[in-house]
Structures are given as structure tokens and as C-alpha cells.
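Visitor: 642 is the number of the first residue of the sequence shown in the numbering used here; add one for each residue after it. Backbone N, C-alpha and C fix where the C-beta goes; we use that ideal spot for every residue, glycine too.
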Amino acid sequence: MAPDPAPDPDIEHDLGRLLADSVQGLRPPVAVMVAEATRHGRVLRRRRRLATAASAAAVLALAVTVTLTALPALAGSDAAPAGPTSSGATAAAAPELRARQTAAMRTELTRLTGPGVRLESEPGADQLTLDPAADSVLWTRYDDGRGAVTLSVEVHGPASKAAGPSCAERADAARAAGYRCETAPGPGPEPQVVEVLTTADSGWLTYRIWTPFPDGTRVGLAVHNGTLHEADDPSLNSRRTRDAPPLDLPRWQRIAADAAWARLPGLAPRS
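1) Looking only at its chain, what residues have a beta carbon closer than 6 Å to the beta carbon of P806, apart from the 5 residues adjacent to it on each side?
2) Nearest CA to the CA of T754: which residue from S879, T781, L771, H797?
3) Flag D772 as yes when its Cβ comes closer than 7 Å to any non-hydrogen atom of the ligand ADP, and as no otherwise.
4) I need the straight-line Cα distance from M746 to A774, nearest angstrom please.
5) Rounded to whole angstroms, how far is the Cβ of A820 from the Cβ of P887, which I believe are closer than 8 Å?
6) Answer yes or no: do E795 and V860 have a C-beta to C-beta separation smaller than 8 Å?
7) Taking the alpha-carbon positions, what's the L709 to A804 distance?
8) Between which two residues does the alpha helix (DSSP H) containing L753 stretch?
9) What whole-angstrom Cβ distance do W845 and V864 have, given they're in contact under 8 Å?
10) What are the start and end residues of each continuous alpha helix (DSSP H) run of 4 or more residues lying completely inside the stretch 840 to 912, in chain order?
11) What separation, rounded to the nearest whole angstrom, lies between the Cα atoms of P826 and A898?
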């Protein structure tokens, strides 16, 4: 990816002035305040770069969005909080069920991706607040020794209100360079929706697959050719690590359609 542009001198000057004004006559933990202001400035600069990027960045924005458009709120965001817990998962039991689901998803993903792969914790993966009776998400860092990548799997049970993508709805995105959307046979009557997103300037590549199951379960899988989060900054911070995602697209389609996802513990049946 291209190197970051030089800092905007006006912004740097304003930040410095604001910091100086804020500590006049005070005795707070100045080091903490400076570190926080620096972090905030870095985030603002990153957002400005993304906001002013060309069509390639628009494709990247699609690539790094969680597959589903109807997930509950991100923890700490301004969006509305997740709704009340569904039948089958009381507030007290929800954390325990969520832990069981995460463990089961990790076990199945390890089985399906084969030997020689490490699935490590993905920074920022705890930001989603979910009702485990309806939705479960695993964000992980897939490392086969040839370049770690971010991999996410969403399992939406029959009771989930989640609505998946369709190629027709993505028509506007398809006009951007580096995007294609196709359908393929799935495990039920509805087809898989298979999206491939690329950015020519950075070489970023994403496979995104949405799979409906006969019982109403839906699985969204997204795999990239790089990482999306870093330990010191869990916001958008993409870094390409290899030419293409691991495995190949047909293999990921089979993984997304595996019947084990529909057997995830605790998912409520269709009401």
C-alpha cells in the first residue's frame, strides 16, 4: 500500500495549541492526555484519508464491512444497542452460551481448513454485542505460515432478523472497478451469493460468501489477503500480507456451506 501522506501542518498546529491550553494551571496525568490526543489525531487522519480516496477505496470499504448489514450495534458506537435477549438465552446465560458457540465455531473452522493452520485472536473481535440465540460471529486471524489474514464467520440462526446480500442489490457496487457478484448452488433452495472485491492499486482481495440453509440458518464468511485490525488500533487498519486469500474460492464456498454451522448450540428455531 502507498505510504501515509505527510501530516497536515494545520491540524498538527491546532492539536498542539489545544493540548497546551488544556494543561494550563492543571496537574493531571499529562502523559496520558498527550497519548490519547495523539491516538485521536491518528484516527482522524486515517478517516480523512479514507474519506478522500478514489473508487478503489470505495471497494475496500465494501471489503472490510462485516458481511451482514443488519448486525446489532458495535460496542461503544452511537448506534442503537442490541435488542432484548430472545427466548432460549436469558441475560445470565448469554455469556456462557456465547462462549460455547465461539468454541464450537473455532473447532469447526479448524476441522474445515485442515492441518497446519493457526486460528489466533483477532484484535477488536469483541466489539459486537449479539444475542446468542439468534446470531454468532467469529473473527479470527488465520495463519498458515504464508501470511496471516483476517477471517470472519457469521452464523445467523432461523430466528435471526438478519437479511443477506443479493447481487441485484449490489448493482451500484458492481460499477466500481474490482467488484463482481455471482450466485452458486447452495445446500438449500436458495443460492449462495459469492462476492469478490479487489483494489488494483493496493492489491487488496476479499472473498465474501453468503449461504442460506434449508432450516433458515444463514452463514456469512469473509476472508481477505491481509489483516484488518492491529493490536494497538482495532479500528480499520488494513495491511496486505499475501497476493490472495489462503485456499481458493471454491474451497471457501464449501466451508461456508458445511452442515455443521446449522448445528451451532443454542440457536433458536424459526418462530
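Guide: Considering the structure as presented:
1) V834, W851
2) With distances taken between Cα atoms, T754 lies closest to T781.
3) With respect to small molecules bound, the structure shown includes none, and the ligand ADP cannot be examined in it.
4) 15 Å
5) The sequence shown places Tyr at residue 820, not Ala. Their Cβ separation, rounded to whole angstroms, is 21 Å, which puts Y820 and P887 out of contact at 8 Å.
6) yes
7) Low confidence applies to L709: its pLDDT is 45, below 50, so where it sits in the model is not reliable, and the reading given next is rough at best. One C-alpha to the other measures close to 7 Å.
8) 735 to 754
9) Taking a contact as a CB-CB distance under 8 Å, the pair W845 and V864 does not count as one, their CB atoms being some 12 Å apart.
10) 890 to 897
11) If I take the Cα positions, the gap works out to 10 Å.
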